[in-house]
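If you read the sequence shown in UniProt numbering, its first letter stands for residue 1, the second for the next number, and so on.
For each residue, glycine too, the CB sits at the ideal point set by N, CA and C.
Quick caveat, the model's predicted, so the values are computed rather than measured.
Reading through the structure tokens given below for one structure.
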Amino acid sequence: MLDAKIRPLIDPILNAQGRRLARRRITANQVTLAGLVLGLAAAVLIAFGHPLLALAPLLLSRLADGLDGAVARAGQPSDFGGFLDITCDFAFYGAIPLAFVLADPSGNGVAGSFLLMAFYVNGASFLAYAVLAEKHRMSSSARGVKTLYFTGGLLEGTETIAFFVALCLWPAWFAPMAWVFGALCFVTAGSRVLLAARVFSGSA
Numbered sequence: 001m002l003d004a005k006i007r008p009l010i011d012p013i014l015n016a017q018g019r020r021l022a023r024r025r026i027t028a029n030q031v032t033l034a035g036l037v038l039g040l041a042a043a044v045l046i047a048f049g050h051p052l053l054a055l056a057p058l059l060l061s062r063l064a065d066g067l068d069g070a071v072a073r074a075g076q077p078s079d080f081g082g083f084l085d086i087t088c089d090f091a092f093y094g095a096i097p098l099a100f101v102l103a104d105p106s107g108n109g110v111a112g113s114f115l116l117m118a119f120y121v122n123g124a125s126f127l128a129y130a131v132l133a134e135k136h137r138m139s140s141s142a143r144g145v146k147t148l149y150f151t152g153g154l155l156e157g158t159e160t161i162a163f164f165v166a167l168c169l170w171p172a173w174f175a176p177m178a179w180v181f182g183a184l185c186f187v188t189a190g191s192r193v194l195l196a197a198r199v200f201s202g203s204a
């Protein structure tokens, strides 16, 4: 919901830094993988009971996620780069809830499982829509220039990052926050299904 509003504010900064990194021969894929390593490091810290310490690598991971596209645009974007980016994103989004479950299986297990299922369904609706959008040659730059077609929704990247930060700040509230956020993920997926029904019904 917030991504399209935030992109015009942060893209000029990211693009400037992306050009600087590209001049130093740092590739977009290297930035993507660095972001994944930082995200997994945050997950490890959470799993071992240090959610506050996890905030720094978590936020740096998301900064890298914004920078990789900027580096790609400053150099030579590739389809594989887009594939690697979305795969690493999904790995990160799954690792953080899993880490909270590992930190407290009895207290967080059920809510964490529900949240991961909600992420799975929401991600499936996102990717399926992107496939059909590509088939119909649709394009959008509202959330920046992307390899895949990005549909909007109630919950997007900005909201998810804010949610993860809140979990790190108040880990004792993981279960209720996970139930609420997971439910909103299902709402987002449902709205995307309705949009797909309106846009693609009757298409070959």
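- For PRO57, the enclosing alpha helix (DSSP H) stretches over residues 51–74.
- About 6 Å separates the Cβ atoms of LEU84 and ASN29, confirming a contact at the 8 Å cut-off.
- The Cβ neighbour count for ASP79, taken over all protein chains shown within 10 Å, is under 16; the residue is labelled exposed.
- For LEU36, the number of other beta carbons within 10 angstroms of its own is at least 16, and it is reported as buried.
- The beta carbon of TRP179 sits closer than 6 Å to the beta carbons of ALA111 from its chain, once the five residues preceding and following it are set aside; these are given in chain order.
- Taking C-beta atoms under 8 Å as the contact rule, CYS185 and ALA118 qualify, at a distance of about 4 Å.
- A Cβ-Cβ contact shorter than 8 Å links ARG73 with GLY18.
- Taking the C-beta atoms as reference points, ALA64 is found nearer than 8 Å to VAL31.
- In chain order, LEU116 and PHE119 place their CB closer than 8 Å to the CB of GLY94, counting only its own chain and leaving out the 5 sequence neighbours on each side.
- By alpha-carbon distance to LEU67, the top candidate from LEU33, VAL193, ALA43 and PRO176 is LEU33.
- Linking PRO171 to GLY75 through their CA atoms gives a straight-line distance of about 40 Å.
- Rounded to whole angstroms, the separation of the alpha carbons of ILE96 and VAL193 is 26 Å.
- For PHE119, the enclosing alpha helix (DSSP H) stretches over residues 105–135.
- In the three-state DSSP reduction, LEU167 falls in the helix class (H, G or I).
- Annotation for MET177: the continuous alpha helix (DSSP H) segment containing it runs 174–200.
- In terms of CA proximity to ALA22, ALA70 leads the group ALA70, ILE46, LEU55 and ALA166.
- Membership of THR32 in the alpha helix (DSSP H) is indicated by the continuous run 28–47.
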